[in-house]
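Have a look at the structure below before the remarks.
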Amino acid sequence: MLTKFETKSNRVKGLSFHSKRPWILASLHSGVIQLWDYRMGTLIDRFDEHDGPVRGVHFHKSQPLFVSGGDDYKIKVWNYKLHRCLFTLLGHLDYIRTVQFHHESPWIVSSSDDQTIRIWNWQSRTCISVLTGHNHYVMCALFHPKEDLVVSASLDQTVRVWDIGALRKKSVSPADDILRLSQMNTDFFGGVDAVVKYVLEGHDRGVNWASFHPTLPLIVSGADDRQVKIWRMNDSKAWEVDTLRGHMNNVSSVLFHSRQDIIVSNSEDKSIRVWDATKRTGLQTFRREHDRFWILGCHPEINLLAAGHDSGMIVFKLERERPAFSVSGDSLYYVKDRFLRFYEYSSQKEAQIIPIRRPGSASFNQGPRTLSYSPTENAVLICSDVDGGSYELYIVPKDSFSRGDTVQEAKRGIGGSAVFVARNRFAVLEKSTNQVLVKNLKNEIVKKSALPVVTDAIFYAGTGNLLCRAEDRVVIFDLQQRMVLGDLQTSLIRYVVWSNDMENVALLSKHSIIIADKRLVHRCTLHETIRVKSGSWDENGVFIYTTLTHIKYCLPNGDCGIIRTLDVPVYITKIIGNTICCLDRDGKNRAVVVDSTEYLFKLSLLKKRYDHVMSMIRNSELCGQAMIAYLQQKGFPEVALHFVKDERTRFNLALESGNIQIAVASAKEIDEKDHWYRLGVEALRQGNTGIVEYAYQRTKNFERLSFLYLITGNLDKLSKMMKIAEVKDDVMGQFHNALYLGDVKERIKILENAGHLPLALATAKTHGLNDIAEGLAAKLEGDVPSLPSSRSTSLLIPPTPVLCGGDWPLLRVMKGIFEGGLDNVGRGAQEEYEDAADADWGDDLDIVDVENIQNGDINMVLEDEEAHEENEEGGWDLEDLELPPDTETLKIATTARTSEFVAPTPGMPVSQIWVQKSSLAAEHAAAGNFDTAMRLLNRQLGIKNFAPLKSLFIDLHMGSHTYLRAFSSAPLISLAIERGWSESASPNVRSPPALVFNFSQLEDKLKAGYKATTVGKFTEALRLFMGILHTIPLIVVESWREVDEVKELVIIVKEYVLGLQMELKRREFKDNPVRQQELAAYFTHCNLQLPHLRLALVNAMTVCYKAGNLITASSFARRLLETNPAAENQAQKARSVLQAAERNMKDSTQLNYDFRNPFVTCGATYVPIYRGQKDVLCPYCSSHFVLSQEGQLCAVCNLAVVGSDASGLLCSPAQIR
C-alpha cells in the first residue's frame, strides 16, 4: 500500500472522490462534512449543518454539487462553489445510510433504516419512487454504472437487485397519445416504477454493503458473517459464484477496483484486504492498530482508493505506476505489460524486445522498479522488490528487435539495487553487510567493496563511480580507489538525474530537488508542496521537472517557474529542443511541445548573454507582471522598462534604473503630487538640480525649493522665494528665507511685524545694529530684556555652498546594451531635459511688483505662474552643445574600442566579504550583520537573551570601522579595519575584521575579579565575572591551544558566578538560618582558587557552628585543615571547632546537605543534584540545573536556554578548517 494522504479526525462514515479535481469528501460521525485536497494535503472547506452523524456523501459527476444523508433523516444537496446547502429532501423516517447521484439522470438514490430505498429527482426536488421489500435496515443502495439497475444490501441478510427501467421511460416524454394515455392510467391507478429483479440470499448475517462491477455482470457483497461473496447475474437469474473468507469481524464495505481485476474490502477487524477477482484468493492485507474500518471509496478514473476508519481516513494506491525506464542516446528502454520495450526518439519507432518474467508472489509492488542499460553489451538490468529486493540480467539479442517473442532465462540475484558501472560490470548492493558486489555479465562476483556510509540504495555516478544513498546524505564513491569523491546532506533521495555532460546532478526527493555538481557541491535547493515525479536536463543546462500537476523548470541559480500544467502525471525521459518526451502511467510515449522562451530569456540574463536578451525582447511576446517583477528583482529595471506600457509602472522602473528622462515623461502623464515629489528626490540624488527645481515647482513645494536654492547658492531665487512667502502671508517661510539669505535687517523686520519685539531687539543687538535696537527699546518702554554679556555671541550666517549653480559633474560612460537599442520612449523628454552645466531657470517665479499686491490677490500670481509654465517652453536658458552623434549600432563594452570612460563596477563591500567568509559570530557582529551573528550564537551556544550582548555588538561594529570626513556636504566615508593588515598585503585579498575584544583583556578582568573576591567586594567581583562570561562568545583566537584556554575560562568563571550568586543570596536570608547554612555549604563545593576556597570554608564553618550544627561545622573544619592554611588564625579556629564537635557530636537542625555524597548545585534553585540524579545543562556555561528548569533562561550566564541543542563554542578559524 502506498499511502498518499492521511487525515486525523472523528470517525469517517462516508467518502467520495471528485471525478476531475484532486478532492475527496469525508463525512464524519460528528456531523461535519470535510472537503480535502488530497494532493496538497489541505482542508479546503467544511460543511456543518447536519444534526448527528453523516453516513453517506457523494459528488456529482459533472455539476458543482454533492449530496449528503445523515441521522437527522435529511438528505441535503450542496453547491461547493457557493459553500452552502441548496435544499433539503425530506421523506425518510429513520437514519439515512447511503446517498448517490445517478451518472446520467437527475436522480439521487438513498437507503435508510426505515427499510426503504428512495429515488429522488434533484431538479424537481421530489421523491419519484419508493422501493419497499426489505424487512430490516437497508445499509446500502447504489446505481449500476451503465444499466437501469439498483443494488441494495440489508440487515435482513439479503442483497436485492431492482430494475428501474420503467422509471427512465416515465421520465422521458412519450411520443404518441396512446403511450401518454397508458402512462396516465399508471399514474391514476398506481403503477410500479421499480421492481425487484433478483433477491440474493446466502449470507448468514446482515449484509452491510453490495456493489456492481464497473463492466461485468458481477456483484460483490460483504456482511456481518465476516464473508465477502461474489454473485453473477444474467437476464433471468442471479447466483452465488464464490465466497472470500479471511476477515475476522463484520465486513463494512467492499467494491471492485475500477481499473484492475481485484476486489477490495475492509472490516471492523481493523484491516483492508485485497482479493484477486479471477482466482478469488487473498493478495494482501493492511492492518491498523486501533482503528476499525467503516467505508471504502474508489476513484472513478485513476488508481486511487480511500478508506475511512475510527480516527480519520487514508487515500492510498495499491502499487506504483511509474514505469521503469533507461535512456541511452537516441533510444529509450522501458518495461510495459511484462515486456521490455524499445522506443527510438528520432523515428518515433516503438518495438517489443523480450518478455520478462512475471513476479512469482501473488502480491503488489513486485513489478520492475528500476532499469539500467549497457549500450555496448546490449544488456539490461531490471530491479524489483521480489524477495525483499532482487535483480534480473537480460542480454538483448540483436535480431529480436523485430519480433520480441524470444523467451530467455534471466540471470538473477538478490540485492537492494543493481546498476551498471562499466561496459560489462554491474554493482549490486548487499544491504546486510553494507557492501557492493561488482559482477560481470556471467553474474560472477569480480570484486567486493565495503561502503563508507550505511547505504540503502545505489545509483550510477559515472564510469566506476556509485552514488550511495544513506538516510540523511548521499556520497559519491569511487569503486577503483575506494574513496569518497563527494558528500552532501539531503533528505531521502528517490531519483538521481545526471546532465548529458555528467557535470551536474539533480537529486529528487518526495517534495524537493537539490541541484549539485559532479563532486556533490551544493548549488541550490527547490521545495515543492506537491510531489515531485521526474526530471531531465535540456541542452542549455536547465533542469526540467514534473510534479503531479505541472511541468516546471529550474535555472542553475535556483530560480524556477511553471512551463505548463498537466492533466495526468507524466515521467520525463528526454528533452529535445522544445519537445519534452515522456512516458505516462500506462507506459505510452508522449511528446509534449512547450514554450521555452521564458526560461531561456532568464538563462540569457543569468549568463549575461545580452545579445540573446535583445533579440528575444524584439522578437517575442514576453510580457506580464511576473516577468517585470523578475527583472526588477534581478537588478534589470532598464530591461523591464521596455515591456511596460502602464505609465505608473514605467515611472517606478525608470526611477529604479535611474532613467530621469523617462521618469519625467511619465510624471507629466500621471501629474500627481506624490510622483513629482519622488522624481525630485531621485533627481536630487543624481545631482540634476534643474529637474529637482522643476519637480518642486510643479508641486509648489516652497520649503524644499528654498532649501535647494540654499545648497546650490542661488541667492536671487532665494530672495524671490522670500517675496512669495510674504505674498502668501507665510511668516515662518519668510523668516527661514531671510535666515538662508543671511539678511539680518529683514529678520528683525519680520520679528517686529509678528509682534516678537524682545526677539527682534536681541537679534539687532547681537548683530551690532544699535540704531535699530534703540528704536525697538523705545517701543518696549523700559521692558527691555537683559542680554548676557559674558557669553561670546555667534552670528547666524548661512555657510558658503560647496557647488554653485548647475548640476553635479557626471562621468561620461558608454551606453548600456539595453539603453537606446530597443525603443525611443522618452526621447522627447530627453530633448527637453538635456543635462547642461548651468541649468538655470528663467523667470518662472518672477513676481512683478510684489509689494503692491494685497494678500487676497495671491491666487492671481500663482495662476500667472502656472500659465507661464505651460505656455513658455524656453524657461531653461540652455545653449545647444555640439555633441558627437550617438552611434547607431550597439557596441558591447568588452569588444568596442572607445575613448569614453567606463565606470568601474562597485566591488563587494568588505563587511559582506567578512560575513561570507566566516562562521564566527564576532566577525558577523563586526560587519554590522547582527541578525546572522545572533543566529550563529543561537545555533552554537543556544543563546536566546541578547540584551546583555547589545553594547558588545555595537562596540565590535564601531571598533572595526574608522570614519573619514570628505567635504561639508558629503557624508562620512566608512573604512573597514582589518586584522593583521600590512602594507605589503595584496589590496584584493581581504583579511578578517579587527576586533576590540581579545583574550588578554579577559585575563586582566579575571585577575581583577579574583582580587575583588579576596577583599570581599562580591557585587563588584560578580559584575567582572559576568562581563567575562558575556564577552567570551565574541572572542576570536588563532590556535587550538587558545581555544582550549577559552573553554577552560568559561568553566572557571561559571563556578565563581554561581558561588558569588549563592553568597549574595545567603546575605538576603537574615531570618532563615537553615537556608543560610545550606547556601554557605554549597559555596564550598564550587571549584574556587585555594585562597577563596579557604575563605568559603571558614565562612561556612562559622555559620554552621553558630547555628549549633557541629557535625557539619566539623566537616568544613576538616576540609580547611586539609588545605594546609598559611594563616595561623584559620587553622587555630578549625582545630577549636573540631574539639568542640568531638565533645558534642550533633546537628541541631536538618540541612539539605550531605557532605559525603558528591553533588553539583542547581544554578537556579540552589539545591544539590546528587550523583545519579537526572539534570539538564546550560549549552553555553555548562551549569547544572534540575529538570524543571529545562527551557528556562540560564540563571548563571543569563544568555542561553537550559537544555537546548547547540553545536558548541566556535571561537577560532582553526576550528572551521
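One point on numbering: in numbering that gives the first Met the number 0, the residue at position 602 of the sequence shown is 601, and numbering is uninterrupted.
Quick reminder that beta carbons are idealized off the backbone N, C-alpha and C, glycines included.
What whole-angstrom Cβ distance do ASP455 and GLY412 have, given they're in contact under 8 Å? The residue labelled residue 455 in the question sits at position 456 within the sequence shown. The residue labelled residue 412 in the question sits at position 413 within the sequence shown. About 18 Å separates the two Cβ atoms, so there is no contact after all.
Is the number of C-beta pairs between the region 1152-1161 and the region 993-1013 that are closer than 8 Å three or more? no
By a C-beta neighbour count over all protein chains shown, 10 Å radius and 16 as the cutoff for buried, is PHE255 buried or exposed? As a position in the sequence shown, residue 255 is number 256, starting the count at 1. It is buried - the Cβ of PHE255 has at least 16 other Cβ atoms within 10 Å.
VAL435 - containing beta strand (DSSP E), residue span: To locate residue 435, count along the sequence shown from 1; it is residue 436. From DSSP, the beta strand (DSSP E) with VAL435 extends over 434-439.
What do you get for VAL901, buried or exposed, if any count of 16 or more other CB atoms within 10 angstroms of its CB means buried? Counting from 1 along the sequence shown, the entry for residue 901 is found at position 902. So VAL901 ends up on the exposed side.
Going by beta-carbon coordinates alone, are ASP47 and HIS82 separated by less than 8 Å? Here residue 47 refers to the residue found at position 48 when the sequence shown is read from its first residue. Here residue 82 refers to the residue found at position 83 when the sequence shown is read from its first residue. Contact: no.
Reference GLU267, options ASN207, LYS410, LEU507, closest by Cα: Within the sequence shown, residue 267 is the residue found at index 268, counting from 1. Here the closest residue by C-alpha is ASN207.
Taking the alpha-carbon of LYS169 as reference, which of MET613, ILE116, SER104 has the nearest alpha-carbon? One-based indexing of the sequence shown puts residue 169 at position 170. The residue with the shortest Cα to Cα distance from LYS169 is SER104.
Suppose you measure from the CA of GLY296 to the CA of TYR197; what does that come to, to the nearest Å? Counting from 1 along the sequence shown, the entry for residue 296 is found at position 297. Counting from 1 along the sequence shown, the entry for residue 197 is found at position 198. Cα to Cα, the separation comes out at about 25 Å.
Cα-Cα separation between ASN248 and GLY40, rounded to whole angstroms: Taking the first residue of the sequence shown as position 1, residue 248 is located at position 249. Taking the first residue of the sequence shown as position 1, residue 40 is located at position 41. Their Cα atoms are separated by approximately 31 Å.
Closest to GLN1076 by CA distance: which of THR528, TRP119, ALA639, GLN1149 is it? Indexing the sequence shown from 1 puts residue 1076 at position 1077. Checking every option, the nearest Cα to that of GLN1076 belongs to GLN1149.
Completely contained alpha helix (DSSP H) runs for the region 931-975, where each covers 4 or more residues: 949-958
For ILE972, does the count of other Cβ atoms within 10 angstroms reach 16, so buried, or fall short, so exposed? The residue labelled residue 972 in the question sits at position 973 within the sequence shown. Counting Cβ neighbours within 10 Å, ILE972 comes out exposed, since fewer than 16 surround it.
Is it buried or exposed, VAL53, if we count other Cβ atoms within 10 angstroms and call 16 or more buried? As a first step, residue 53 is located in the sequence shown; it is residue number 54 there, counting from the start. It is buried - the Cβ of VAL53 has at least 16 other Cβ atoms within 10 Å.
Helix, strand or coil for LEU370 per DSSP? The residue given as residue 370 occupies position 371 in the sequence shown. Of the three classes helix, strand and coil, the one that applies to LEU370 here is strand, per DSSP.
Just the C-alpha distance for GLN122 and SER665, rounded to the nearest angstrom, thanks. For this step, residue 122 is matched to residue 123 along the sequence shown. For this step, residue 665 is matched to residue 666 along the sequence shown. For GLN122 and SER665, the distance between alpha carbons rounds to 57 Å.
Over the uninterrupted alpha helix (DSSP H) stretch that includes LEU1021, give me the two end residues. The residue you call residue 1021 lines up with position 1022 of the sequence shown. From DSSP, the alpha helix (DSSP H) with LEU1021 extends over 1017-1030.
GLY245: which of GLN259, ARG1066, LYS316, ASN265 sits nearest, CA to CA? Walking along the sequence shown from the start, residue 245 turns up at place 246. Taking only the C-alpha atoms, the option nearest GLY245 is ASN265.
Applying the criterion that 16 or more other CB atoms from any shown protein chain within 10 Å of the CB defines a buried residue, is VAL379 buried or exposed? Indexing the sequence shown from 1 puts residue 379 at position 380. When all chains shown are included, VAL379 counts as buried.
Have a look at LYS228 and ILE118 and give me their C-alpha separation to the nearest angstrom. Counting from one through the sequence shown, the residue named residue 228 turns up at place 229. Counting from one through the sequence shown, the residue named residue 118 turns up at place 119. Each residue's alpha carbon lies about 26 Å from the other.
First and last residue of the uninterrupted alpha helix (DSSP H) at PRO354: As a first step, residue 354 must be located in the sequence shown, where it is residue number 355. Element bounds for PRO354: not the alpha helix (DSSP H) but the beta strand (DSSP E), 348-354.
To the nearest angstrom, report how far apart GLY560 and TYR598 are at their CA atoms. The count along the sequence shown starts at 1 and reaches residue 560 at position 561. The count along the sequence shown starts at 1 and reaches residue 598 at position 599. Computed Cα separation, rounded: 8 Å.
Could you check what DSSP says for PHE338 in three-state terms: helix, strand or coil? Numbered from its first residue, the sequence shown carries residue 338 at position 339. Strand.
Restricting to Cα atoms, I'd like to know which of LYS764, HIS755, PHE16 is closest to VAL56. Taking the first residue of the sequence shown as position 1, residue 56 is located at position 57. Answer by Cα proximity: PHE16.
Have a look at the DSSP bridge pairing and note the partners of LEU582. Position 583 of the sequence shown, counted from the first residue, corresponds to residue 582. In DSSP, LEU582 forms a bridge with TYR570, ASN588.
Grouping DSSP H, G and I as helix and E and B as strand, with all else coil, what is ILE1219? The first residue shown for the chain is 0 and the last is 1216, placing residue 1219 beyond what the model contains.
Can you look up PHE285 in the DSSP assignment and give me helix, strand or coil? For this step, residue 285 is matched to residue 286 along the sequence shown. Three-state DSSP puts PHE285 in a strand.
Touch check for the region 997-1017 and the region 956-968: three-plus C-beta pairs under 8 Å? no
Indicate whether ASN78 and LEU64 have their beta-carbon atoms separated by less than 8 Å. Within the sequence shown, residue 78 is the residue found at index 79, counting from 1. Within the sequence shown, residue 64 is the residue found at index 65, counting from 1. Taking 8 Å as the Cβ cut-off, ASN78 and LEU64 qualify as a contacting pair.
Across the region 691-700 and the region 717-730, are there enough close Cβ pairs to call them in contact, namely three or more that are closer than 8 Å? no
Segment limits, beta strand (DSSP E) that includes GLY732: For the purposes of this step, residue 732 is taken as residue 733 along the sequence shown, with counting starting at 1. Unbroken run through GLY732 is the alpha helix (DSSP H), 730-740; no beta strand (DSSP E).
The beta strand (DSSP E) spanning ILE116 covers which residue range? Taking the first residue of the sequence shown as position 1, residue 116 is located at position 117. From DSSP, the beta strand (DSSP E) with ILE116 extends over 115-120.
Output needed for ASP192: all residues of its chain with C-beta closer than 6 Å, excluding positions within five of it in sequence on either side, in chain order. Counted from its first residue, the sequence shown places residue 192 at position 193. Result list for ASP192: SER128, ALA165, LEU166, in chain order.
Length of the line joining the Cα atoms of VAL425 and GLY576: Numbered from its first residue, the sequence shown carries residue 425 at position 426. Numbered from its first residue, the sequence shown carries residue 576 at position 577. According to the sequence shown, residue 425 is Phe rather than Val. Their Cα atoms are separated by approximately 32 Å.
Taking the alpha carbon of GLY689 as the point to measure from, which residue in GLN733, SER251, ASN713, ASP71 has its own alpha carbon closest? Taking the first residue of the sequence shown as 1, we reach residue 689 at position 690. The candidate whose alpha carbon is nearest that of GLY689 is ASN713.
What residue does the alpha helix (DSSP H) around LYS1053 start on, and which one ends it? Sequence index remark: in the sequence shown, residue 1053 carries index 1054 (1-based). Note, LYS1053: alpha helix (DSSP H), 1039-1067.
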